[in-house]
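Take a look at the structure set out below.
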Amino acid sequence: MSESGYPDLLKRISDATEKAVRNAEIYLPDDVKARLTEALKVESVVVAKQELQNILENICLAEERFAPLCQDTGIPVMYITVPYGMTWTPEMEQAVLTGIQNATQHIPLRPNLVDPVSRENTKTNTGLSMPPVHVKHGDRFTITALPKGAGSENVSRIRMMNPSDKGNIPKFVVETMLEAGGRPCPPVILGVGIGGTFDVAASLAKEALLEPVDSMTGYEQEICDQVNQLGIGPMGLGGDTTCLAVKIKTAGCHTASLPVAVNIQCWAARRATVEVPL
Amino acid sequence: MKQLQTPLGDEVLSLKAGEMVTLSGTVYTARDEAHLKIMEDGFPFDPKGAVLYHCGPVIADNRIIVAGPTTSARMNRLTGYMLDAGIRGIIGKGGMSAEVRELLRGRAVYFAFTGGCANLAAARMKCTGVHFPELGMAEAVWVIELDKLPLTVAMDAHGGDLFAVIEDHAHEVFQAMYPTSTTRI
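Protein sequence lines, in the order shown, are assigned to chains A and B.
Here the first sequence stands for residues 1 to 278, where the numbers follow our numbering.
Here the second sequence stands for residues 279 to 463, where the numbers follow our numbering.
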């Protein structure tokens with residue numbers, strides 16, 4: 001790339017970031033909408049039906065009003081793929097942060113990011129080593145935003161299980177949702193990370209939330225069915241629909257270790273990807 | 279579906295947990311700071327029959343951009359004063375404590391509104407005024423006119439508590455599913 005092309009690329013990165021965050025905040029992905037619509041069709045509890053109707057109406061109104069789906073606009077967790085052969089630079093990372101700052105001002109977003117101890121707000125949703133920017137190589141240059149709200153994040157869990165406890169993984173996932181109850185704004189999607197190290201398991205659980213929710217493996221379906229049997233229902237008011245999908249991602253781990261993380265995602269499972277033109 | 283209109287009177291006493299209603303008329307937003315300020319300085323509005331909405335809205339030029347419900351449990355300890363003053367209804371998400379459930383007896387109800395439905399709420403609301411603007415946008419007491427907001431009576435005036443019933447049931451199901459678990463989490 002020529003010297004003069006580099007500032008242009010940085011501008012395109014920050015613009016793509018702002019667009020990804022905006023699209024994520026306003027438009028719920030089609031696969032999530034489809035799962036909510038299906039859930040309404042099969043839901044047998046009257047109160048739960050009303051809750052699902054409210055959610056579906058809210059999704060339409062967010063698009064019509066061009067406003068964020070939920071007032072908790074979250075922390076924008078970023079996933080980037082950089083074309084093979086291209087180097088990810090600190091300037092590119094800064095361009096992503098600039099895009100988030102612009103999104104915070106223009107959409108606008110609630111400034112959610114604070115110092116963990118003094119609780120002082122940075123007002124930009126950036127700073128203090130946040131938000132996380134995960135970079136991988138891929139075929140195209142893409143920017144994905146996954147804004148994560150606090151209600152569902154706060155009831156997520158990680159456990160370092162014994163390898164002999166592998167049969168208890170479904171129980172741990174179901175128990176996590178039992179303890180969370182209506183607080184994470186169900187119906188939820190459960191991202192589960194199995195394996196890796198302590199930190200990797202949590203990352204896998206979050207990455208699982210990027211996966212489409214229109215299909216599940218037998219193992220995922222089994223856990224999803226168990227969670228739904230709890231009857232927590234939309235918003236904890238009871239019903240058949242507690243969990244829209246369970247998505248599991250795995251990684252190798254130490255022979256003496258079995259990390260399992262469950263990242264709970266509310267019905268507003270926001271994610272959007274924008275390609276950076278090269 | 280019953281259509282309720284503020285100010286609320288004795289009609290709230292006949293409502294049952296699990297019943298769905300619509301609510302129209304004036305409500306007042308109040309989060310933690312507003313509760314504390316009211317307890318210190320008194321009510322800036324007549325609390326008799328009034329309805330509080332646990333909500334920190336986004337408002338621009340007196341127009342409501344988004345206004346979904348916030349977690350009510352944060353206001354558990356601050357609610358007795360409100361009910362003693364004559365508040366007849368509370369709107370929020372997630373329900374409230376067993377202590378609040380007892381305080382509601384014979385006088386008020388708790389309505390659940392769908393979490394995250396910030397646009398649905400905004401589309402059925404008009405902002406007509408503000409008290410304590412110095413508390414900032416999220417914590418100020420906004421005066422809001424509702425037009426048939428769909429709500430569920432989650433805690434009634436007879437000790438009925440839909441959240442508690444559902445939670446207890448979920449624990450029973452879990453115990454049956456995994457009988458080796460001896461302790462309730």
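Just so you know, even glycine gets a beta-carbon here, dropped at the ideal spot from N, CA and C.
Predicted, not measured: the structure shown is a model, and the values here were computed from it.
Between which two residues does the alpha helix (DSSP H) containing residue i stretch?
i, result
"residue 391 of chain B", "Looking at the DSSP string, residue 391 of chain B is not in any alpha helix (DSSP H), and its letter there is neither H nor E."
"residue 446 of chain B", "440 to 455"
"residue 58 of chain A", "46 to 65"
"residue 23 of chain A", "5 to 26"
"residue 317 of chain B", "310 to 319"
"residue 275 of chain A", "Run containing residue 275 of chain A: none in the alpha helix (DSSP H); it sits in the beta strand (DSSP E), 272 to 275."
"residue 37 of chain A", "30 to 42"
"residue 174 of chain A", "169 to 180"
"residue 330 of chain B", "Premise fails: residue 330 of chain B lies in the beta strand (DSSP E), 329 to 331, not in any alpha helix (DSSP H)."
"residue 358 of chain B", "357 to 362"
"residue 378 of chain B", "376 to 382"
Are the CB atoms of residue i and residue j nearer to each other than 8 Å?
i, j, result
"residue 236 of chain A", "residue 181 of chain A", "yes"
"residue 231 of chain A", "residue 43 of chain A", "no"
"residue 223 of chain A", "residue 173 of chain A", "yes"
"residue 200 of chain A", "residue 246 of chain A", "no"
"residue 333 of chain B", "residue 351 of chain B", "no"
"residue 96 of chain A", "residue 144 of chain A", "no"
"residue 390 of chain B", "residue 365 of chain B", "no"
"residue 77 of chain A", "residue 135 of chain A", "no"
"residue 28 of chain A", "residue 69 of chain A", "yes"
"residue 371 of chain B", "residue 406 of chain B", "no"
"residue 210 of chain A", "residue 271 of chain A", "yes"
"residue 204 of chain A", "residue 249 of chain A", "yes"
"residue 188 of chain A", "residue 264 of chain A", "yes"
"residue 196 of chain A", "residue 393 of chain B", "no"
"residue 433 of chain B", "residue 374 of chain B", "yes"
"residue 276 of chain A", "residue 89 of chain A", "no"
Which partner residues of residue i appear in the DSSP bridge assignment?
i, result
"residue 397 of chain B", "Answer is none; residue 397 of chain B lacks a bridge partner."
"residue 106 of chain A", "Residue 106 of chain A pairs with nothing; no bridge assigned."
"residue 161 of chain A", "A:258"
"residue 265 of chain A", "A:189"
"residue 338 of chain B", "B:341"
"residue 195 of chain A", "A:251"
"residue 370 of chain B", "B:390"
"residue 75 of chain A", "A:148"
How is the beta strand (DSSP E) around residue i delimited, first residue to last?
i, result
"residue 84 of chain A", "From DSSP, residue 84 of chain A is part of no beta strand (DSSP E); its letter is neither H nor E."
"residue 253 of chain A", "243 to 253"
"residue 301 of chain B", "298 to 307"
"residue 426 of chain B", "419 to 433"
"residue 405 of chain B", "403 to 409"
"residue 234 of chain A", "No beta strand (DSSP E) holds residue 234 of chain A; DSSP gives it neither H nor E."
"residue 280 of chain B", "280 to 283"
Sort the options by Cα distance to residue i and report the nearest one.
i, options, result
"residue 253 of chain A", "A:110, A:194 and A:45", "A:194"
"residue 397 of chain B", "A:60, A:102 and A:267", "A:60"
"residue 100 of chain A", "A:8, A:165, A:13 and A:31", "A:13"
"residue 269 of chain A", "A:53, A:9, A:32 and A:226", "A:32"
"residue 455 of chain B", "A:135, A:234 and A:226", "A:226"
"residue 413 of chain B", "B:431, B:287, B:361 and B:316", "B:316"
"residue 116 of chain A", "A:7, A:129, A:37 and A:257", "A:129"
"residue 301 of chain B", "B:280, B:339 and B:326", "B:280"
"residue 159 of chain A", "A:150, A:169 and A:58", "A:169"
"residue 358 of chain B", "B:401, B:410, B:347 and B:325", "B:325"
"residue 311 of chain B", "B:438, B:445, B:450 and B:411", "B:411"
"residue 178 of chain A", "B:444, B:362 and B:408", "B:444"
"residue 292 of chain B", "B:438, B:450 and B:356", "B:438"
"residue 402 of chain B", "B:287, B:423, B:417 and B:283", "B:423"
"residue 213 of chain A", "A:67, A:22 and A:38", "A:38"
"residue 395 of chain B", "A:65, A:242 and A:146", "A:65"
"residue 425 of chain B", "B:289, B:296, B:287 and B:305", "B:305"
Runs of alpha helix (DSSP H) lying entirely within the stretch 122 to 155 of chain A, each at least 4 residues, in chain order
150 to 153
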